[in-house]
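One line per chain: the protein sequences are A and B, in this order. Using the numbering used here, read the first sequence as starting at 810 and increasing by one per residue. Using the numbering used here, read the second sequence as starting at 4 and increasing by one per residue. The beta-carbon is built from N, C-alpha and C at its ideal position, and this holds for glycine as well. Data first, discussion second: the structure below is written as structure tokens.
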Amino acid sequence: MRPKLGRERKARALEDERLALGADQMIGLMSAIANSRDVGAFEILYGHFYPRVRSYMMRMTKGDRVLAEELAQETMMRVWHKAALFDAAKAQASTWIYTIARNQMIDSVRRGTRPAFDENDPALVPDELETADAKIEREQDAAALNRAMIALSGKHIEVLRMSFFDGLTHSMIADRLNLPIGTVKSRIRLACEKLRLALREQAK
Amino acid sequence: MRETTPSASGTSQMIAHHLDGDMLMQYCAGTLAEGWSVAVATHLALCPACRSEMRTLESVGGYFLERENAERDDVTESWRRVKDKIEAGHMEKAVRMKKRSSSDLTYPEPLRTYIDAAGGLRWRSLGRGAAQMIIPIGDKTTSVRLLKIPAGQPVPEHSHGGLELTLVLDGSFSDEISTFGRGDIEIADGNLTHQPRANPGRDCICLAVTDAPLRFKSRLLRLIQPLLGI
């Protein structure tokens, strides 16, 4: 169990560092950017997210630093221009910025198309009307997710990161971890299942 | 994650057959091929439960983004460049309104845009009242088509060289095991030979995505398959 304890301690240390810019503060920054085009607020947000998006783009471009910087900058420009579309009731700022970075990556690195549904499509089956309680719950999702992720074991976080965040295929993960592909698949499935359970537990 | 319940008004139907978890994860990670993604995104338009699942996965992306390496070298320089652009009012793009050429709500976005891009609905007969329309996409690993099966008729019997995903858009069909209605997804792999049949009363329209050409049992259908482009 020792390695797990070490990992948890590391996770908490990262957690503390992350709190340098809290979720509430980010929402404040986002609304200042959207409503008053506040360049000062954007500078703080930029300082926080640009290095992180750049690091993500570094891996997505297999270490091309010049391209990664360009893409991270372009992502942050999209954040500036699209700030009015950010809805704090639907997602955290970091989640929203992640989706912008990912779409940028698909456009520029994979040169692919990512078909997406349209929230305003009259054919879309809408979410159930949200009660005030559900909205508060959504706002607490961030904290719940952090706790649920910390509760996952290191090997489950590892495969989640590799398959989901790094966008590696099952066979690439199998190669890197030196595991049979079936083990990789079941581990990913189990990681998702555990995450779901932990979130359900948190919601109680 | 929240469970969905049918609304009291009965306007939102329950979807019984949801997305495969792997596929949704790949879609959220941006690694899913375009053909599958069309079906995934169209299902998402019809399924609040899977949209909620998608948001959870995306928040896992946000979680990992927060924990990315945050080394700050060259940040000031980069900020200066961006600030210059902002102050010059550079790249302010007008928000373009999406034009809606079709008001047929049978086909939610993004599928409707694909149909429009192909010049609108154009069914080609497969015989016995069945018809199909190939949806052109940019990705070579999958093929995407709409399939119309007359009410009460079987889908031509076939097995799959690979994976086939079927999303019901109108009417319903049943196979030996279950019934699939609007928004439901059926995934069949290479081992399955099945004989789905459209239910009586209404033609069944599906979006079908395959990663390999279909193998029809009928020799004639196999022969003309390349001509039909399926």
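Item to check | Residue burial classification, Val875/A (beta-carbon count within 10 angstroms, cutoff 16) | outcome: exposed
Checklist entry - Would you say Ile842/A reaches chain B, if we count a Cβ-Cβ gap shorter than 8 Å as a contact? => result no
Checklist entry - Which residues does DSSP pair with Gly130/B in a beta bridge? => result Ala133/B
Checklist entry - Does the beta-carbon of Leu22/B have 16 or more other beta-carbons within 10 angstroms, so that it is buried, or is it exposed? => result buried
Checklist entry - Of all Cβ atoms in chain A, is any one closer than 8 Å to the Cβ of Leu210/B? => result no
Checklist entry - Checking contacts by CB at 8 Å: is Met885/A closer than that to chain B? => result yes
Checklist entry - Rounded to the nearest angstrom, how far is the Cβ of Tyr51/B from that of Ala925/A, given a contact under 8 Å? => result Sequence check: residue 51/B is Pro here, not Tyr. Wrong, their Cβ atoms sit about 16 Å apart, outside the cutoff.
Item to check | Ser845/A versus Leu894/A - alpha carbon distance | outcome: 14 Å
Next on the checklist: The alpha helix (DSSP H) that contains Arg863/A, what's its start and end?
Outcome noted: Val848 to Met869
Checklist entry - At a cut of 8 Å, does the region 1000-1007 of chain A reach the region 958-978 of chain A through at least three beta carbon pairs? => result yes
Checklist entry - With burial defined as no fewer than 16 other Cβ atoms inside 10 Å of the residue's Cβ, what is the status of Pro203/B: buried or exposed? => result exposed
Next on the checklist: Please state whether the Cβ-Cβ distance between Val918/A and Met869/A is less than 8 Å.
Outcome noted: yes
Item to check | Glu1010/A (DSSP reduced to helix, strand or coil) | outcome: helix
Checklist entry - Is there at least one non-hydrogen atom of the ligand GDP closer than 7 Å to the beta-carbon of Ala42/B? => result Absent from the structure shown: the ligand GDP. Ligands present: none.
Item to check | Three-state secondary structure assigned by DSSP to Cys31/B | outcome: helix
Item to check | Neighbouring residues, chain B, relative to Ala925/A (Cβ below 7 Å) | outcome: Ala44 and Pro113
Item to check | Gln901/A, buried or exposed, once every other Cβ within 10 Å from all chains shown has been counted against 16 | outcome: buried
Next on the checklist: Quick check on Thr992/A: does DSSP put it in helix, strand or coil?
Outcome noted: helix
Checklist entry - Which chain A residues are close to Leu49/B, counting only those with a beta carbon under 9 Å from its beta carbon? => result Phe926, Ala932, Leu933 and Val934
Next on the checklist: Just to confirm my understanding: we take Arg125/B, look at its own chain, exclude 5 residues before and 5 after, and list those with CB closer than 8 Å. What are they?
Outcome noted: Met136
Item to check | Beta-carbon proximity list for Ala120/B, same chain, < 8 Å, skipping 5 on both sides | outcome: Pro139
Checklist entry - How many Å lie between Glu61/B and Arg131/B at the Cα? => result 45 Å
Checklist entry - So what does DSSP say about Thr213/B, is it helix, strand or coil? => result strand
Next on the checklist: Assuming contact is defined by CB atoms lying nearer than 8 Å, are Ile152/B and Ala211/B in contact in what I supplied?
Outcome noted: no
Checklist entry - What does Ile89/B reach in chain A if we use C-beta pairs closer than 9 Å? => result Arg846, Val848, Phe851, Met886 and Trp889
Item to check | Under 7 Å from the C-beta of Ser40/B: neighbouring residues of chain A | outcome: Arg923 and Pro924
Item to check | Nonlocal neighbours in the same chain, by C-beta distance under 7 Å from Trp39/B, ignoring five residues either side | outcome: Met26, Thr145, Leu168 and Val212
Checklist entry - So what does DSSP say about Arg148/B, is it helix, strand or coil? => result strand
Checklist entry - Which chain B residues sit within Cβ distance under 9 Å of Leu954/A? => result Thr59, Ser62, Val63, Gly65 and Tyr66
Item to check | Chain-order list of residues whose beta-carbon lies under 8 Å from that of Leu977/A (same chain, five-residue window excluded) | outcome: Met971 and Arg985
Checklist entry - Which two residues bound the contiguous alpha helix (DSSP H) that contains Ala892/A? => result Segment: none, Ala892/A is in no alpha helix (DSSP H) and carries neither H nor E.
Next on the checklist: Out of Val63/B, Gln198/B and Leu47/B, which one is the CA nearest neighbour of Leu1004/A?
Outcome noted: Val63/B
Next on the checklist: What does the alpha-carbon distance come out to for the pair Arg1009/A and Arg58/B?
Outcome noted: 15 Å
Item to check | Nearest-angstrom Cβ-Cβ length linking Thr116/B and Leu172/B, presumed shorter than 8 Å | outcome: Wrong, their Cβ atoms sit about 15 Å apart, outside the cutoff.
Item to check | Proximal residues to Arg887/A (C-beta, below 6 Å), its chain only, five neighbours per side dropped | outcome: Ile909
Checklist entry - Taking 8 Å as the CB-CB limit, is Ser10/B close to chain A? => result At Ser10/B, the pLDDT of 35 sits below 50, so the modelled position is not reliable; the number obtained from the coordinates is stated separately. Closer than 8 Å: yes.
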